[in-house]
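In the working numbering, the protein residues as written are 46 to 290.
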């Protein structure tokens, strides 16, 4: 029976590319979304046309812990099994220290850190029952080298990096847990300053492609049975640069 993957934030951008790549490898895919309903339905329609009943949609607000627990329950029930959890959904915006408030803390910590933990917790039983269950977390190069004016985002991603390593120890040997740390792949939709400087700080002097992330996620999920507790930087060598470069 085809393995089942849940991809959070799977309707658009890198998440959608991960969904397409896993689907092309024969997975049935649960696409989580919150606001991107039209994109989610369009993507699911395309993939179900290729292979009937191979894709389903699940909607949830990842800043609401009860909604996240409900998402885990729906994910377990939809195809009767779960083999892979990809924690891709993320909130990203600046929070200078003088301006950050409780709402910012909740929005960034819940979506980037608490939701991945709650989903991992709620789905651990189903993943352990699978043959080779796995979790792949989308981290960020800024988990290690902080981005100016984004302390809450960087803190949350740093927590996700440690969660990846901690859960690899806690959930092994039944479940492998790894992370992918993207560099300059897709710029934030609200724009990014100093794009030329960011690209110049990479060893390869260019931006990556969403396929670079999707292929790495797929390799960790399906083709790396002896890899766990690792966070792979897919950043063109950006992580070699000094912090703030």
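Glycine is no exception: its CB is placed at the ideal position from the N, C-alpha and C atoms.
Just so we're clear, the structure is a prediction, and the values are computed from it rather than from any experiment.
Cβ shell of residue i (< 6 Å), same chain only, five flanking positions each side left out
{"i": "residue 73", "result": "47, 49, 99, 124"}
{"i": "residue 119", "result": "103"}
{"i": "residue 234", "result": "Bear in mind that a pLDDT of 49 at residue 234, under 50, signals an unreliable position, so the model cannot answer this."}
{"i": "residue 179", "result": "129, 221, 266"}
{"i": "residue 54", "result": "60, 133, 134"}
Supposed close pair residue i, residue j - CB separation, criterion 8 Å
{"i": "residue 168", "j": "residue 197", "result": "About 26 Å; that fails the 8 Å criterion."}
{"i": "residue 157", "j": "residue 103", "result": "About 19 Å separates the two Cβ atoms, so there is no contact after all."}
{"i": "residue 164", "j": "residue 220", "result": "That belief does not hold up - the Cβ atoms of residue 164 and residue 220 are roughly 13 Å apart, past 8 Å."}
{"i": "residue 162", "j": "residue 208", "result": "6 Å"}
Span of the beta strand (DSSP E), counted from its first residue to its last, around residue i
{"i": "residue 77", "result": "73-78"}
{"i": "residue 227", "result": "220-227"}
{"i": "residue 178", "result": "178-183"}
{"i": "residue 50", "result": "49-52"}
{"i": "residue 263", "result": "That residue, residue 263, is in no beta strand (DSSP E); its alpha helix (DSSP H) goes 255-267."}
{"i": "residue 104", "result": "100-104"}
{"i": "residue 278", "result": "276-279"}
Residue from the options whose Cα sits closest to the Cα of residue i
{"i": "residue 63", "options": "276, 136, 151, 263", "result": "263"}
{"i": "residue 159", "options": "97, 144, 182", "result": "182"}
{"i": "residue 218", "options": "175, 68, 57", "result": "175"}
{"i": "residue 52", "options": "112, 275, 59, 76", "result": "76"}
Close beta carbons around residue i, own chain, < 8 Å, minus the five adjacent residues each side
{"i": "residue 66", "result": "256, 259, 260, 262, 263"}
{"i": "residue 272", "result": "221, 223, 265"}
{"i": "residue 114", "result": "163, 167"}
Residue i, enclosing alpha helix (DSSP H) - first and last residue
{"i": "residue 58", "result": "58-69"}
{"i": "residue 243", "result": "240-245"}
{"i": "residue 113", "result": "110-123"}
{"i": "residue 93", "result": "82-95"}
Beta-carbon proximity list for residue i, same chain, < 7 Å, skipping 5 on both sides
{"i": "residue 252", "result": "229, 230, 244"}
{"i": "residue 70", "result": "263, 267"}
Practice problem: Decide if the region 280-287 is in contact with the region 208-225; the criterion is three or more beta carbon pairs, one per stretch, under 8 Å apart. | Solution: no
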